[in-house]
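**Q** Could you have a look at this structure, given as structure tokens, before my questions?
Numbering (the UniProt record's numbering), first residue to last: 1 to 318.
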């Protein structure tokens, strides 16, 4: 865009002319012209007007942005959000959604405020009320089951009890044969206690709250790292999400816990209770492209959520 001799702006990309707005007609511009301020004060006022116009144009550009919707945050929520993004782009040709690889909790709000991302993907434990009080828009759109998954190589086991599970992590059982499984060493993996999956287990399984972990339990900081370790390690067991189990293409199996499998029937009936909430957090007055994606998530996206073995949350349930 370059200025033309006639006071018009010439768009060199399409050789168009567009009339520049006459800022002198703004109410405060007229008052400034009649005020009789010295030249220095007039210049200061003009700079203030220019700053206001710049901010106004920036807001307008943000509100009508057609660029990619940038999402980052919880690594554990990523597989579900990535599935929604893929479905959205398939059904909305020309739209783009970029899902990041994960971002530490302490960095997410700053990234949103600084316009480095458009949406935060987050999970269990989010303080919805506090975020809304600060002006953010919070969308609780799904619940994912937290499951106890095993590596399927040479291990046909399909179920475990809560007592057996706590015994495994306490080091009381060290071979799967002690639990009527194969002659295979137990390889224990877990998330840190402050992470979502462990919080869910401790909230629902009393023996986990006071459990002293065996010394050989391998702690993985990131959900994706734990899922990868489970896939790579025969005899492995660890807590993950059903979405990651489905994405493993048969390398992982979710164990029934106390006779209850994490399937669609038990989720719908509420029988399976190891669940974590999933959220998307946006700035107020988000760009239209962001609003369009959120509308998809809360409507047609429900089918995607169900296929990922999670539960969509309707507006009425919020």
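Beta carbons are placed, not taken as given, at the ideal position from N, Cα and C, and that holds for glycine.
If you're wondering where the values come from, they're calculated on a predicted model, not measured in any experiment.
#1: Can you determine whether any heavy atom of the ligand FMN sits closer than 7 Å to the C-beta of residue 269, and answer yes or no?
#2: Could you tell me if residue 6 is buried or exposed, where buried requires 16 or more neighbouring beta carbons within 10 angstroms of its beta carbon?
#3: Taking just the CA atoms, how far does residue 235 sit from residue 153?
#4: Using DSSP's beta-bridge definition, name the partner residues of residue 241.
#5: Return yes when the Cβ of residue 276 is within less than 8 Å of the Cβ of residue 175, no when it is not.
#6: For residue 177, does the count of other Cβ atoms within 10 angstroms reach 16, so buried, or fall short, so exposed?
#7: For a test of the three-state rule: what should DSSP assign to residue 234, helix, strand or coil?
#8: When you compare only the Cα positions, how much space is there between residue 59 and residue 286?
#9: What is the DSSP secondary structure of residue 73, reduced to helix, strand or coil?
#10: Work out the CA separation of residue 245 and residue 158 for me, nearest whole Å.
#11: Between the alpha carbons of residue 184 and residue 155, how many angstroms are there, rounded?
#12: In the DSSP output, what is residue 252 paired with across the bridge?
#13: If you count every other CB in all the chains shown that lies within 10 Å of the CB of residue 220, and 16 or more means buried, which is it?
#14: Check the C-beta distance from residue 237 over to residue 150 and give it rounded, since I have them as a contact under 8 Å.
#15: Looking at the structure shown, is residue 123 part of a helix, part of a strand, or coil, going by DSSP?
#16: First and last residue of the beta strand (DSSP E) that includes residue 187?
#17: Is there contact between the segment 250–257 and the segment 125–132, where contact requires at least three CB pairs shorter than 8 Å?
#18: Would you kindly work out how many angstroms separate the C-alpha atoms of residue 217 and residue 75, rounded to a whole number?
#19: Among the residues of its own chain, which have a CB less than 6 Å from the CB of residue 312, if the five just before and after it don't count?
#20: In whole angstroms, give me the CA-to-CA distance for residue 180 and residue 161.
#21: With DSSP as the reference, label residue 218 as helix, strand or coil.
#22: So which of 71, 167 and 89 has the shortest CA-CA distance to residue 111?
#23: Looking at the structure shown, is residue 282 part of a helix, part of a strand, or coil, going by DSSP?
#24: Excluding the five sequence neighbours on either side, which residues of its own chain have a C-beta within less than 7 Å of the C-beta of residue 39, listed in chain order?
#25: If contacts are defined as beta-carbon pairs under 8 Å, then residue 100 and residue 289 qualify, I think. What distance do you get, rounded to the angstrom?
#26: Going by C-alpha distance, which of 282, 205 and 196 is nearest residue 136?
#27: Residue 102 to residue 269, Cα distance in whole Å?
#28: Quick one: grab the DSSP three-state call for residue 68.
#29: So, for residue 187: in the same chain, excluding its five sequence neighbours on each side, which residues have a beta-carbon less than 6 Å away from its beta-carbon?
#30: Taking only the alpha-carbon atoms, compute the straight-line gap between residue 134 and residue 247 and give it to the nearest angstrom.
#31: DSSP beta-bridge partners for residue 275?
#32: Once the 5 residues before and after residue 209 are set aside, which same chain residues still bring their CB inside 7 Å of it?
#33: Is the CB-CB distance between residue 73 and residue 108 below 8 Å?
**A** Checking against the coordinates, here is how it stands:
#1: What this structure holds is no ligand at all, so the ligand FMN is not there to describe.
#2: One-based indexing of the chain shown puts residue 6 at position 6. Because residue 6 sits at a pLDDT of 43, beneath the cut-off of 50, its placement in the model cannot be relied upon, and the point is left open.
#3: Counted from its first residue, the chain shown places residue 153 at position 153. Counted from its first residue, the chain shown places residue 235 at position 235. Using only the alpha carbons, I get a separation of about 8 Å.
#4: Counting from 1 along the chain shown, the entry for residue 241 is found at position 241. Note: residue 241 sits in a beta bridge opposite 146.
#5: Here the question's residue 175 lines up with position 175 in the chain shown. Here the question's residue 276 lines up with position 276 in the chain shown. Against a cut-off of 8 Å, the Cβ pair of residue 276 and residue 175 comes out as no contact.
#6: Sequence index remark: in the chain shown, residue 177 carries index 177 (1-based). Its Cβ having fewer than 16 others within 10 Å, residue 177 is exposed.
#7: Locating residue 234 in the chain shown gives position 234, where the first residue counts as 1. Of the three classes helix, strand and coil, the one that applies to residue 234 here is coil, per DSSP.
#8: Position 59 of the chain shown holds residue 59. Position 286 of the chain shown holds residue 286. Because residue 59 sits at a pLDDT of 47, beneath the cut-off of 50, its placement in the model cannot be relied upon, and the point is left open.
#9: As a working mapping, residue 73 is identified with position 73 in the chain shown. Strand.
#10: Walking along the chain shown from the start, residue 158 turns up at place 158. Walking along the chain shown from the start, residue 245 turns up at place 245. Between residue 158 and residue 245, the alpha-carbon positions lie close to 13 Å from each other.
#11: One-based indexing of the chain shown puts residue 184 at position 184. One-based indexing of the chain shown puts residue 155 at position 155. Looking at the two C-alpha atoms, the distance is approximately 8 Å.
#12: Translated into positions along the chain shown, residue 252 becomes position 252. According to DSSP, residue 252 bridges with 151.
#13: Walking along the chain shown from the start, residue 220 turns up at place 220. Buried, by the Cβ-count rule.
#14: The count along the chain shown starts at 1 and reaches residue 237 at position 237. The count along the chain shown starts at 1 and reaches residue 150 at position 150. With 8 Å as the limit, residue 237 and residue 150 qualify as a contact, their Cβ atoms being about 5 Å apart.
#15: As a working mapping, residue 123 is identified with position 123 in the chain shown. In this structure, residue 123 counts as strand in the three-state DSSP scheme.
#16: Numbered from 1 along the chain shown, position 187 holds the residue referred to as residue 187. Residues 187–190.
#17: As far as the Cβ criterion goes, the segment 250–257 does not touch the segment 125–132, which means the pair count is below three.
#18: In the chain shown, residue 217 corresponds to position 217, counting from 1. In the chain shown, residue 75 corresponds to position 75, counting from 1. Rounded to the nearest whole angstrom, the C-alpha separation of residue 217 and residue 75 is 21 Å.
#19: Within the chain shown, residue 312 is the residue found at index 312, counting from 1. Answer for residue 312: 142, 302 and 305, listed in chain order.
#20: On the chain shown, position 180 is the one that residue 180 refers to. On the chain shown, position 161 is the one that residue 161 refers to. Going by the C-alpha atoms only, they are around 12 Å apart.
#21: Against the chain shown, residue 218 aligns to sequence position 218. In the three-state reduction of the DSSP assignment, residue 218 falls in the strand class.
#22: Mapped onto the chain shown, residue 111 falls at position 111. Of the candidates 71, 167 and 89, the one whose C-alpha sits nearest the C-alpha of residue 111 is 71.
#23: As a position in the chain shown, residue 282 is number 282, starting the count at 1. The three-state secondary structure of residue 282, taken from DSSP, is strand.
#24: Position 39 of the chain shown holds residue 39. Because the pLDDT of residue 39 is 45, which lies under 50, any placement of that residue in the model is unreliable, and the number read from its coordinates should be weighed accordingly. Nothing listed; no residue qualifies.
#25: Position 100 of the chain shown, counting from 1, holds the residue named residue 100. Position 289 of the chain shown, counting from 1, holds the residue named residue 289. At roughly 17 Å, the Cβ-Cβ gap does not stay under 8 Å, so residue 100 and residue 289 are not in contact.
#26: The count along the chain shown starts at 1 and reaches residue 136 at position 136. Residue 136 has its Cα closest to that of 282, out of 282, 205 and 196.
#27: Position 102 of the chain shown, counted from the first residue, corresponds to residue 102. Position 269 of the chain shown, counted from the first residue, corresponds to residue 269. Cα to Cα, residue 102 sits roughly 32 Å from residue 269.
#28: The count along the chain shown starts at 1 and reaches residue 68 at position 68. Here residue 68 carries a coil assignment [DSSP, helix/strand/coil].
#29: Taking the chain shown and counting its residues from 1, the one referred to as residue 187 is at position 187. Residues of the same chain with a CB within less than 6 Å of the CB of residue 187, apart from the 5 flanking positions on each side, are 233, 235 and 236 in chain order.
#30: On the chain shown, position 134 is the one that residue 134 refers to. On the chain shown, position 247 is the one that residue 247 refers to. Our two residues, residue 134 and residue 247, have alpha carbons roughly 36 Å apart in a direct line.
#31: Numbered from 1 along the chain shown, position 275 holds the residue referred to as residue 275. Answer is 145, bridged to residue 275.
#32: Here residue 209 refers to the residue found at position 209 when the chain shown is read from its first residue. Excluding positions up to five away in sequence, the list reads 202.
#33: What you label residue 73 is simply residue 73 of the chain shown in a count that begins at 1. What you label residue 108 is simply residue 108 of the chain shown in a count that begins at 1. A contact, by the Cβ cut-off of 8 Å.
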